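Enquirer: I am attaching a structure below and will ask some questions about it afterwards.
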Amino acid sequence: ELLRRLGQWSARHYRWVFSGVAVLMAGVVLLFILKPPHIESDILDLLPRNNKVVQDFRMAMEDFKSLDYLFVVLETKDPKAHPIDGYEEFADAFAEGLRKSGMVDGVEYRLQDYEPIVRTMLPYTLLYLDAPVLQNVSDRFADRQIRRQVESNKELLLNLASIITKQLVQYDPFGLFPILKKQFLGKGQQLKVDVSDGYYLSKDGTALIMVVRPKRPAQDIAFGKRLMATARTLESEIRKRMAKEGGEDPSAIVVKYGGGYPVAQDDANLIKRDAVVNTVTSLVLVMFVFLWAFRRKSALVYGWLPLLVGLLLTFGTAHLLGVTLNSATAGFGALLIGLGIDFSTVMYGRYIEERNRGIGVEE
Numbered sequence: 003e004l005l006r007r008l009g010q011w012s013a014r015h016y017r018w019v020f021s022g023v024a025v026l027m028a029g030v031v032l033l034f035i036l037k038p039p040h041i042e043s044d045i046l047d048l049l050p051r052n053n054k055v056v057q058d059f060r061m062a063m064e065d066f067k068s069l070d071y072l073f074v075v076l077e078t079k080d081p082k083a084h085p086i087d088g089y090e091e092f093a094d095a096f097a098e099g100l101r102k103s104g105m106v107d108g109v110e111y112r113l114q115d116y117e118p119i120v121r122t123m124l125p126y127t128l129l130y131l132d133a134p135v136l137q138n139v140s141d142r143f144a145d146r147q148i149r150r151q152v153e154s155n156k157e158l159l160l161n162l163a164s165i166i167t168k169q170l171v172q173y174d175p176f177g178l179f180p181i182l183k184k185q186f187l188g189k190g191q192q193l194k195v196d197v198s199d200g201y202y203l204s205k206d207g208t209a210l211i212m213v214v215r216p217k218r219p220a221q222d223i224a225f226g227k228r229l230m231a232t233a234r235t236l237e238s239e240i241r242k243r244m245a246k247e248g249g250e251d252p253s254a255i256v257v258k259y260g261g262g263y264p265v266a267q268d269d270a271n272l273i274k275r276d277a278v279v280n281t282v283t284s285l286v287l288v289m290f291v292f293l294w295a296f297r298r299k300s301a302l303v304y305g306w307l308p309l310l311v312g313l314l315l316t317f318g319t320a321h322l323l324g325v326t327l328n329s330a331t332a333g334f335g336a337l338l339i340g341l342g343i344d345f346s347t348v349m350y351g352r353y354i355e356e357r358n359r360g361i362g363v364e365e
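Just so you know, we're using the numbering used here here: the sequence shown kicks off at 3 and counts up by one.
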């Protein structure tokens, strides 16, 4: 009885019904414009939150920050004509710009950037060495080797050595750095340190690597978007300044970005694109089948309009409740369309049957 009266009232006051629905839909659209949906690209959010193994893994990820780095690689197109060490000022300006942005905790791309860590870990270095390496270290303290190392250090200090080289002699008078470097970086290491100025270069001398530690995690999509925009703006400004001042050709350097932040941005864009494409494609195809089955233009309005209203109301309600969009929920719109069209099909089929029996629209 209640549904019958509601239907009769809606039929008599259809203008009010359509106006109310239009205002409601406009409100939902305005909500999405003012407060865009949160896209969660972290795959860990798809795992059980109360599972102890997952919790331990989350804690380890937060403690070691293994994904929360932005890697910047400066790569020269022609190492012979434009060597990478000619773009070290580019790296300096880029690092300084990121620090001034207030979005990063630090930028490491030179040996001296790790000086605080080295000072902290240096007293415990020998604890991480295996027996053969310890024997090599022990040989460095033999009388003959010490005298040889003293002569080598003396030559370095008397020559026009760089500040980095002199600091290295001060920190490592016994010449242990080559042994420790081989032990900790491994045989397959592709990174070398330019001892003349301390920059981190690739083994083939074509690239310079920078490690950026942003203040917010990579899963903060809004922050990551601002960070990547800031980085690319800095890159563009430095290129323009280099072209204006002369010197090295800025077009000969390629800047590449890696790490959790660009990956999270790509994942978020992929999730957003999948959600839109799946929903729109499903909506169009389902309505085409609906129109083809009934062969009436009124079927398109009868089936498509309520389905669209239902989708907007569902997504709006989910957005108000704080539901995030991730790789698992990106296809939720297509699922709703498949379920919602069943009701429209049954109701419109019943309407056609009743009309064919001679019953009027009001009845």
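In this text, a Cβ means the ideal position worked out from N, Cα and C, and glycines have one as well.
Computed from a predicted model, the values in this text were never measured in an experiment.
Do you know whose CA, among Ile361, Leu293 and Tyr173, lies nearest Pro125's CA?
Expert: The residue with the shortest Cα to Cα distance from Pro125 is Tyr173.
Enquirer: Please name the residue, chosen from Leu182, Asp80 and Thr347, that lies closest to Trp294 on a Cα-to-Cα basis.
Expert: Closest by alpha carbon: Thr347.
Enquirer: Give me the DSSP bridge partner(s) of Ile255.
Expert: In DSSP, Ile255 forms a bridge with Thr78.
Enquirer: Between the alpha carbons of Thr281 and Asp107, how many angstroms are there, rounded?
Expert: Each residue's Cα considered, the two are about 40 Å apart.
Enquirer: So Met289 is in the beta strand (DSSP E); what residue range does that whole segment cover?
Expert: It is not in any beta strand (DSSP E) - Met289 instead sits in the alpha helix (DSSP H) that spans Gly262 to Phe296.
Enquirer: Drop a sphere of 10 angstroms on the beta-carbon of Met244, count the other beta-carbons inside from all chains shown, and report buried for 16 or more, exposed for fewer.
Expert: Buried: at least 16 other Cβ atoms inside 10 Å.
Enquirer: Determine the contact status of Val139 and Pro175, defining contact as a CB-CB distance below 9 Å.
Expert: No, the Cβ-Cβ distance between Val139 and Pro175 is not below 9 Å.
Enquirer: From which residue to which residue does the alpha helix (DSSP H) around Ala28 run?
Expert: Taken as a continuous stretch (DSSP letters only), the alpha helix (DSSP H) holding Ala28 covers Tyr16 to Leu36.
Enquirer: Rounded to the nearest angstrom, what separates Asp132 and Pro180 at their Cα positions?
Expert: The straight-line gap from Cα to Cα measures roughly 15 Å.
Enquirer: Please classify Leu36 as buried or exposed, where buried requires at least 16 other C-beta atoms within 10 Å of its C-beta.
Expert: It counts as exposed.
Enquirer: Measuring straight from C-alpha to C-alpha, what distance separates Leu302 and Ser238?
Expert: Computed Cα separation, rounded: 50 Å.
Enquirer: Can the beta-carbon of Pro219 be found less than 9 Å from the beta-carbon of Asp344?
Expert: Against a cut-off of 9 Å, the Cβ pair of Asp344 and Pro219 comes out as no contact.
Enquirer: When the Cα of Phe225 is compared with those of Asn358, Pro252, Gln267 and Val257, which residue comes out closest?
Expert: Out of Asn358, Pro252, Gln267 and Val257, Gln267 has the C-alpha closest to the C-alpha of Phe225.
Enquirer: Go ahead and label Tyr130 buried or exposed: buried means 16 or more other beta carbons lie within 10 angstroms of its beta carbon, across all protein chains shown.
Expert: Result: exposed.
Enquirer: Among Ala97, Thr208, Arg142 and Pro39, which has the Cα closest to the Cα of Leu182?
Expert: Leu182 has its Cα closest to that of Arg142, out of Ala97, Thr208, Arg142 and Pro39.
Enquirer: Just the C-alpha distance for Ala277 and Val23, rounded to the nearest angstrom, thanks.
Expert: Their Cα atoms are separated by approximately 24 Å.
Enquirer: When burial is assigned at 16 or more other CB atoms within 10 Å of the CB, is Pro38 buried or exposed?
Expert: Pro38 comes out exposed.
Enquirer: On the criterion of 16 or more Cβ atoms from any shown chain inside 10 Å, does Tyr16 qualify as buried, or is it exposed?
Expert: Under this definition Tyr16 is an exposed residue.
Enquirer: Tell me the residue span of the beta strand (DSSP E) that contains Ile211.
Expert: Taken as a continuous stretch (DSSP letters only), the beta strand (DSSP E) holding Ile211 covers Ala209 to Pro216.
Enquirer: Taking the straight line between their C-alpha atoms, what separation do you get for Gly360 and Gly351?
Expert: When rounded, the distance between both Cα atoms is 15 Å.
Enquirer: Could you spell out the range, first to last residue, of the beta strand (DSSP E) harbouring Thr325?
Expert: Here residue 325 is Val; the residue named in the question, Thr, does not match the sequence. Unbroken run through Val325: none, as it is neither H nor E.
Enquirer: Less than 8 Å between C-beta atoms, sequence neighbours within five positions excluded: which residues of the same chain meet that for Arg234?
Expert: Contacts found: none.
Enquirer: Could you check whether the stretch 208-222 touches the stretch 71-90, counting it as contact only if at least three pairs of C-beta atoms, one from each stretch, sit closer than 8 Å?
Expert: With the cut-off at 8 Å, the stretch 208-222 and the stretch 71-90 touch.
Enquirer: Would you please state the rounded distance, in angstroms, between the beta carbons of Val214 and Leu113? I believe it to be under 8 Å.
Expert: Actually they are not in contact, since the Cβ atoms of Val214 and Leu113 sit about 17 Å apart, beyond 8 Å.
Enquirer: How would you call Phe96, buried or exposed, if buried means at least 16 neighbouring beta carbons within 10 angstroms?
Expert: Its Cβ being crowded by 16 or more others within 10 Å, Phe96 is buried.
Enquirer: Starting from Gly108, follow the beta strand (DSSP E) in both directions and report where the run begins and ends.
Expert: Val106 to Glu110 is the span of the beta strand (DSSP E), which, as asked, contains Gly108.
Enquirer: Identify whether Tyr353 lies in helix, strand or coil by the three-state DSSP scheme.
Expert: It is helical.
Enquirer: Can you give the Cα-Cα distance for Leu170 and Asp145, rounded to whole angstroms?
Expert: Answer to the nearest angstrom: the Cα atoms are 21 Å apart.
Enquirer: So Ala270 and Ile223 are in contact, right, with Cβ under 8 Å, and what is the actual spacing, rounded?
Expert: About 5 Å separates the two Cβ atoms, so the contact holds.
Enquirer: If you check the beta carbons only, do Leu72 and Pro252 fall under 9 Å apart?
Expert: In this structure, Pro252 does not lie closer than 9 Å to Leu72 by Cβ.
Enquirer: Check this for me: beta carbons of Gly342 and Leu309, under 9 Å apart or not?
Expert: Yes, these two residues count as a Cβ contact at 9 Å.
Enquirer: Using 10 angstroms around the beta-carbon of Val392, count the other beta-carbons present and answer buried if the total reaches 16, otherwise exposed.
Expert: Limits of the chain in this structure are 3 at one end and 365 at the other, which puts residue 392 out of reach.
Enquirer: Within 10 angstroms of the Cβ of Met61, are there 16 or more other Cβ atoms? Answer buried if so, exposed if not.
Expert: Exposed, by the Cβ-count rule.
Enquirer: Would you kindly work out how many angstroms separate the C-alpha atoms of Gly190 and Lys205, rounded to a whole number?
Expert: In this prediction, Gly190 has a pLDDT of 43, which is less than 50 and means its spatial position is unreliable; what the coordinates show is noted afterwards. The alpha-carbon atoms of Gly190 and Lys205 are separated by roughly 10 Å.
Enquirer: Can you name the residues that DSSP bridges to Leu367?
Expert: Nothing in the structure corresponds to residue 367, since the chain is present only between 3 and 365.
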